[in-house]
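Data block below; observations after.
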Amino acid sequence: MKPNESLGHEPSCRSLLIVGAGVMGQGIARLFAAAGIDVTLMDCQDVKISHPGVKFVRETPAAAPDLVIEAVFEDAAVKKSVYAEMERVYGGRPVVATNTSGLPLNDLAAGLKYPERFLAMHFFMPAEVFPMIEVVRANRTEDSAIALAISAVKQAGREPIVLERAINGYLINRLQHSILHEAYHLLEEGIATPEMIDNVAKRLLGPRMCVTGLLEQKDIAGLEIHAKAQRSIVPSLSHTGVPSPYLQNMVARGDLGVRTGKGFYDWTGRDAAEVQRQANERLRRLIAFLEGGGER
């Protein structure tokens, strides 16, 4: 099957269980509930969520849903314990999807009793805003599981990005981390400041990507020009093959961003939730403009 090619008959997803009621889990719940799917959100801790069509529970429901989406924190052992619980209670009836893109999908599938029912559905934060969702096949995922995931994505009014092979990071995060890795290198070498990098990302790279993407833009500009630039620039890029020491050292110091008051920028006195809310709202308005076709 080719990426994003229809599998023919796509079964309807009527019921969904989301395991993990953090920011991402709640966003996924709101997205599917708004589409009329019966959504249950489960977490070991009480969470206040008031949204039509979303039921909150602390124990695994007895009735098997059509689809389970695991959205717990990034720890392979914790995630595997969720899958074991789903298989214990439901057997191989539901499709079980992980939301992670940072852990190897086939490693997570190892040891499952029903690996043919396991795949990834990678949402982007905020989940209810972005128009695309990655659907990724693990080594033993069957077509019917992929079909259900695709159907659920379409029912939510989103476009599935179907990857037939599980490569670490999937599509979007591989592209994003390639850019970020070079950005960290430029910071470490003192070539650019955070403000400079973000300014060109917002005002030069971002707008052009919104209009012509990455590859279409090169077709328009001329591939011979791009190929010549590649021969000159690529050898000088960062090819360390290891996580950026610049970033790792920041985290080791406790500089974690808005919630600790310091990251690449000084966030002293700023409310983390409000900063996130404002960024999400700007993003929502931009995507609505782009999806609506913008100005004709």
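For the sequence shown, my numbering gives the first residue as 502, with consecutive numbering after it.
Glycine included, each C-beta is placed from N, C-alpha and C at the ideal position.
As the structure is a computational prediction, the values presented were derived from the model and not from experiment.
Endpoints, alpha helix (DSSP H) assigned at residue i
| i | result |
| --- | --- |
| F533 | V524 to A535 |
| I651 | D644 to Q656 |
| Y747 | P746 to R754 |
| A730 | L724 to I734 |
| N607 | L606 to A610 |
Residue i in three-state terms, based on DSSP
| i | result |
| --- | --- |
| I519 | strand |
| V583 | helix |
| L508 | Low confidence applies to L508: its pLDDT is 45, below 50, so where it sits in the model is not reliable, and the reading given next is rough at best. DSSP places L508 in coil when its eight states are reduced to three. |
| R797 | Residue confidence is low: R797 scores 41 on pLDDT, short of 50, so the model does not pin down where it sits. No coordinate-derived value is stated. |
| I788 | helix |
| L716 | helix |
| K503 | In this prediction, K503 has a pLDDT of 42, which is less than 50 and means its spatial position is unreliable; nothing more can be read from the coordinates. |
| K549 | coil |
| L676 | helix |
| R778 | helix |
| V701 | helix |
| P708 | helix |
| V743 | coil |
| I668 | coil |
| L738 | coil |
| Y615 | coil |
| E683 | helix |
| E588 | helix |
Rounded separation between residue i and residue j - CA only
| i | j | result |
| --- | --- | --- |
| E506 | S739 | Low confidence applies here, because E506 scores a pLDDT of 45, under 50, leaving its location unreliable and the question unanswered by this model. |
| P504 | E635 | Only weak support is given to the placement of P504: the predicted model assigns it a pLDDT of 39, under 50, and the value that follows is read from those uncertain coordinates. Taking the straight line joining both Cα atoms gives about 11 Å. |
| N700 | T694 | 10 Å |
| G521 | A578 | 14 Å |
| R797 | F790 | In this predicted model, R797 has a pLDDT of only 41, less than 50, meaning its place in the structure is not dependable; the value taken from the coordinates is given anyway. One C-alpha to the other measures close to 11 Å. |
| T561 | K729 | 58 Å |
| G528 | D539 | 15 Å |
| L606 | V524 | 22 Å |
| M502 | V654 | For M502, the predicted model reports a pLDDT of 43, less than 50, meaning its position is unreliable and no value from the coordinates is stated. |
| Y584 | Q718 | 42 Å |
| R778 | E725 | 43 Å |
| R594 | I647 | 14 Å |
| R531 | I734 | 44 Å |
| D809 | R559 | Residue 809 is absent from the structure shown; the chain starts at 502 and stops at 797. |
| S737 | E683 | 10 Å |
| E571 | V776 | 27 Å |
| R783 | P708 | 14 Å |
| R771 | A667 | 39 Å |
| T761 | T601 | 24 Å |
| Q749 | L676 | 20 Å |
| G603 | E586 | 22 Å |
| L508 | P616 | Model confidence at L508 stands at a pLDDT of 45, short of 50, so the residue's coordinates are unreliable; what they give is reported in the following sentence. Distance between the alpha carbons of L508 and P616: 20 Å. |
| S679 | A611 | 28 Å |
| V597 | G755 | 35 Å |
| M543 | E643 | 26 Å |
| A702 | D608 | 34 Å |
| R515 | Y747 | 46 Å |
Presumed contact (8 Å Cβ cut-off) between residue i and residue j, rounded CB distance
| i | j | result |
| --- | --- | --- |
| N781 | P627 | 5 Å |
| L568 | L620 | So it is not a contact: roughly 10 Å between Cβ atoms. |
| P512 | A534 | So it is not a contact: roughly 19 Å between Cβ atoms. |
| K580 | V590 | 16 Å between Cβ atoms; not a contact. |
| G764 | M751 | 7 Å |
| Y685 | H623 | With a Cβ gap of about 23 Å, Y685 and H623 do not count as contacting. |
| A788 | V630 | A quick correction: the sequence has Ile, not Ala, at residue 788. That pair is a contact at about 6 Å. |
| P661 | I673 | That pair is no contact at about 13 Å. |
| A536 | Q731 | Incorrect: roughly 43 Å between the Cβ atoms, too far for contact. |
| P566 | L613 | Not quite, the Cβ-Cβ distance comes to about 17 Å (not below 8 Å), so this is no contact. |
Host beta strand (DSSP E) of residue i (start-end)
| i | result |
| --- | --- |
| H623 | F619 to H623 |
| I662 | E660 to L664 |
Paired residues, beta bridge with residue i - DSSP
| i | result |
| --- | --- |
| R638 | L620 |
| D767 | K763 |
| F631 | None; F631 has no bridge partner. |
| D539 | S516 |
| I848 | Any property of residue 848 remains undetermined from this structure, which presents the chain solely from 502 to 797. |
| V558 | M543 |
| L691 | Here residue 691 turns out to be Gly, not Leu, going by the sequence shown. DSSP, once it has assigned bridges, lists no residue as partnering G691. |
| G758 | K763 |
Residue i: CB within 8 Å of a non-hydrogen atom of the ligand MN
| i | result |
| --- | --- |
| L791 | This structure does not include the ligand MN; it has no bound ligands of any sort. |
Below-9 Å beta-carbon distance, residue i vs any chain D residue
| i | result |
| --- | --- |
| Q546 | The question asks about chain D, but that chain is absent: this structure has only one protein chain. |
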